[in-house]
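**Q** Before we start, here is the structure in question, set down as structure tokens.
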Amino acid sequence: MGRRGRCGWRLICFAVEYIEVAEDLLLGGNIMLHIGCHLSSSRGYLAMGREALSMQADTFAFFTRNPRGGRAKEIDAADAAAFCDFAAEHGFVKLVAHAPYTMNPCAAKENLRVFAREMMADDLRRMEYTPDNYYNFHPGSHVGQGAAAGIALITEQLNAVLRPEQSTIVLLETMAGKGTEVGRSFAELRAILDGVELGEKMGVCFDTCHVWDAGYDIVNDLDGVLAEFDHVIGLERLKAVHLNDSLNGCGSHKDRHARIGEGEIGLTALQRVVNHPALRGLPFILETPNDHDGYAREIQLLRS
Ligand code: FE
Ligand code: FE
Ligand code: ZN
89 MGRRGRCGWR LICFAVEYIE VAEDLLLGGN IMLHIGCHLS SSRGYLAMGR EALSMQADTF
149 AFFTRNPRGG RAKEIDAADA AAFCDFAAEH GFVKLVAHAP YTMNPCAAKE NLRVFAREMM
209 ADDLRRMEYT PDNYYNFHPG SHVGQGAAAG IALITEQLNA VLRPEQSTIV LLETMAGKGT
269 EVGRSFAELR AILDGVELGE KMGVCFDTCH VWDAGYDIVN DLDGVLAEFD HVIGLERLKA
329 VHLNDSLNGC GSHKDRHARI GEGEIGLTAL QRVVNHPALR GLPFILETPN DHDGYAREIQ
389 LLRS
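Take the sequence shown: its letter number 58 is residue 146 in the numbering used here, and every next letter is one higher.
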């Protein structure tokens, strides 16, 4: 290719960049921020979609069943289909469903592990009513068996329930390291991922409160933390962000969420998170202690 060819190629690149910038400006500058919050699923999918839209969200999170109990009511197929149309019409991005807290894949008692496995398998079956979304779960608490034993049990459960034909991607949540939680370091999450046979069905959800509480300083060194994530796990595995402030200090291992700007992480650091190029395009989910209006305000604040 001669000089002309190279020049032509550069012109095309420039034109593409120009179109992207112009598009951003046209649509309010923050077109790339996909944000929502945790919503109650008691009135169904379409109701959640409408509520999200009313607060200018284009994604949301919800519990797949009662977070403290086990029973789940069967999905209303018509409601799920109506939501899928609604989401496509309004440009929603992937949802980040949340597994119940009672699900502990690395419990010491076998009956609790069976319960966890059945719950996850049933949740993943029901997630297919709304295909191509994320299912996030807390890896679990090893309750004294040790992190290595916990990691082995978690991978065992994932290998038992993941199916090649599922459209849902399962996310491990980064944990604060409260008690005997597994997933308190990027290395522990990497070890779980390494044991999963259907690795392409797996990803990670980065919870800002948990990561901070675990001892990763996202306030003073966000670049360094994300570089470490990339080195240990790989940024291509990072699929979603839980955006929370924290009531406690870095390394406190407490896991108490605060409203955006009202905790130890602070608004400036959380704004840097939503604007970081490595996280661009991911769904950001607020799990702050808020009601509808509080969430709507936080979404507006972060979009501005
Ligand atoms: Fe969580
Ligand atoms: Fe979270
Ligand atoms: Zn938390």
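Even for Gly, the Cβ is constructed at its ideal location relative to N, Cα and C. Owing to the predicted nature of the structure, the values given are computational and were not obtained by experimental measurement.
1. What's the C-alpha gap between residue 359 and residue 385?
2. Spatial neighbours of residue 323 within its chain, please: CB distance less than 8 Å, with the 5 preceding and 5 following residues excluded, ordered by chain position.
3. Could you spell out the range, first to last residue, of the beta strand (DSSP E) harbouring residue 398?
4. Below 8 Å CB to CB, which residues in the same chain sit around residue 216 once its five sequence neighbours on both sides are set aside?
5. Residue 392 to residue 331, Cα distance in whole Å?
6. According to DSSP, which residues form a beta bridge with residue 124?
7. Helix, strand or coil: which one does DSSP assign to residue 229?
8. For residue 343 versus residue 301, is the C-beta distance shorter than 7 Å?
9. In chain order, what residues of the same chain lie with their CB nearer than 6 Å to the CB of residue 126, ignoring the 5 residues before and after it?
10. Buried or exposed: residue 250, going by 16 or more other Cβ atoms within 10 Å of its Cβ?
11. Restricting to Cα atoms, I'd like to know which of 124, 224, 175, 378 is closest to residue 327.
12. Looking at the structure shown, is residue 192 part of a helix, part of a strand, or coil, going by DSSP?
13. Counting along the chain, where does the beta strand (DSSP E) carrying residue 321 start and finish?
14. Tell me which residues pass a beta-carbon proximity test against ligand 3: closer than 7 Å to any heavy atom, given in chain order.
15. Would you identify the three-state DSSP class for residue 134, choosing helix, strand or coil?
16. Apart from the five residues just before and just after residue 243, which ones in its own chain have a Cβ nearer than 6 Å to its Cβ?
17. For a quick check, are the C-beta atoms of residue 184 and residue 373 less than 7 Å apart?
18. With hydrogens ignored, establish whether the beta-carbon of residue 276 is closer than 6 Å to any heavy atom of ligand 1.
19. Check for me: the beta strand (DSSP E) holding residue 330 runs from which residue to which?
20. Going straight from the alpha carbon of residue 227 to that of residue 262, what length do you get?
21. Give me the Cβ distance between residue 204 and residue 192, rounded to the nearest whole Å; I'm assuming they're in contact under 8 Å.
**A** Based on what the coordinates show:
1. The straight-line gap from Cα to Cα measures roughly 15 Å.
2. Excluding residues within five positions, the ones whose Cβ falls inside 8 Å are 314, 317, 366.
3. One cannot answer for residue 398 here, as it falls past the ends of the chain, which runs 89 to 392.
4. Apart from sequence neighbours up to five positions away, the residues of its chain that approach residue 216 with a beta-carbon distance below 8 Å are 254, 255, 256, ordered along the chain.
5. So the alpha carbons of these two residues sit roughly 16 Å apart.
6. According to DSSP, which records beta bridges pairwise, residue 124 is partnered with 373.
7. Residue 229 falls in the strand class under three-state DSSP.
8. A contact, by the Cβ cut-off of 7 Å.
9. Correct list, in chain order: 149, 375.
10. Taking all protein chains in view, the Cβ of residue 250 is crowded by 16 or more other Cβ atoms within 10 Å, so the residue is classified as buried.
11. Of 124, 224, 175, 378, the residue nearest in Cα terms is 224.
12. Coil.
13. Neither: residue 321 is in no beta strand (DSSP E) and is coded neither H nor E.
14. Qualifying residues, in the order they occur: 264, 295, 297, 298, 332, 343, 345, 375.
15. Of the three classes helix, strand and coil, the one that applies to residue 134 here is helix, per DSSP.
16. Excluding residues within five positions, the ones whose Cβ falls inside 6 Å are 280, 283, 284.
17. In this structure, the beta-carbon distance from residue 184 to residue 373 falls below 7 Å.
18. No - ligand 1 has no heavy atom lying nearer than 6 Å to the Cβ of residue 276.
19. 326 to 331 is the extent of the beta strand (DSSP E) around residue 330.
20. Cα to Cα, residue 227 sits roughly 9 Å from residue 262.
21. Correct: roughly 6 Å between the Cβ atoms.
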